[in-house]
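Some notes on the structure that comes next.
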Amino acid sequence: MVKITAIAMAALAVIAPIVEANNCKEGLTYCGFILLRRGNYYDQIDKELLKNGQKSETNHILNSLFYCKGGSKGDIEFKKYCGKSCADGGDGHSDTCEAPKRMARALRV
């Protein structure tokens, strides 16, 4: 019995970080489309948009910025609607409403 418990605990230790990895990282700002890639954020996004007087339609869902408040469910807070230009800031960096500088430079050439 002890052996089975030890195996179960080891398996849980491996799985727990994977499950938690789907939550947003507290303190970062995310585009809606990035949150949807990370996990089941549709209901939270929809609720935040409506609570803040925004439209709950595809463009608003995908291209709005949300601040990650954290917590066990990865709670979010609506910050801003970006229109058509919500940009992925990359791992460990907040997303923005502006195109990344490297992309902006490439577009000027």
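In mature numbering (1 follows the signal peptide of the UniProt record, and there is no 0), the protein residues as written are -21 to -1, 1 to 88. We put the beta carbon where it would ideally sit given N, CA and C, even for glycine.
>> Classify SER11: buried if its beta carbon has 16 or more other beta carbons within 10 angstroms, exposed otherwise.
In response: Reading the sequence as shown, one finds Gly at residue 11 and not Ser. Answer is buried; the Cβ neighbour count reaches 16.
Exercise. Helix, strand or coil for LEU7, going by three-state DSSP, please let me know.
Key: coil
_Buried versus exposed, by CB contacts within 10 Å (16 or more), HIS39_ = buried
With 16 as the cutoff for other CB atoms within 10 Å, does ASP22 come out buried or exposed?
exposed
Between THR75 and the rest of its own chain, which residues show a CB-CB distance below 7 Å, the 5 nearest in sequence each way excluded? ALA66 and GLY68, listed in sequence order.
Report task. Leaving aside the five residues before and after LYS59 along the sequence, list all residues of the same chain whose C-beta is less than 8 Å from its C-beta, in chain order. Result -> SER43, LEU44 and CYS76
Does the Cβ of ASN31 have 16 or more other Cβ atoms within 10 Å, making it buried, or fewer, making it exposed?
exposed
Q.
Going by the DSSP bridge assignment, what does PHE45 pair with across the sheet?
A. TYR9 and PHE57
inquiry  = In whole angstroms, give me the CA-to-CA distance for ALA(-1) and SER73.
reply    = Any reading at ALA(-1) is ruled out, since the residue's pLDDT is 49, under 50, leaving its predicted position unreliable.
Expected contact under 8 Å - CB spacing of CYS47 and ILE55 to nearest Å = 6 Å
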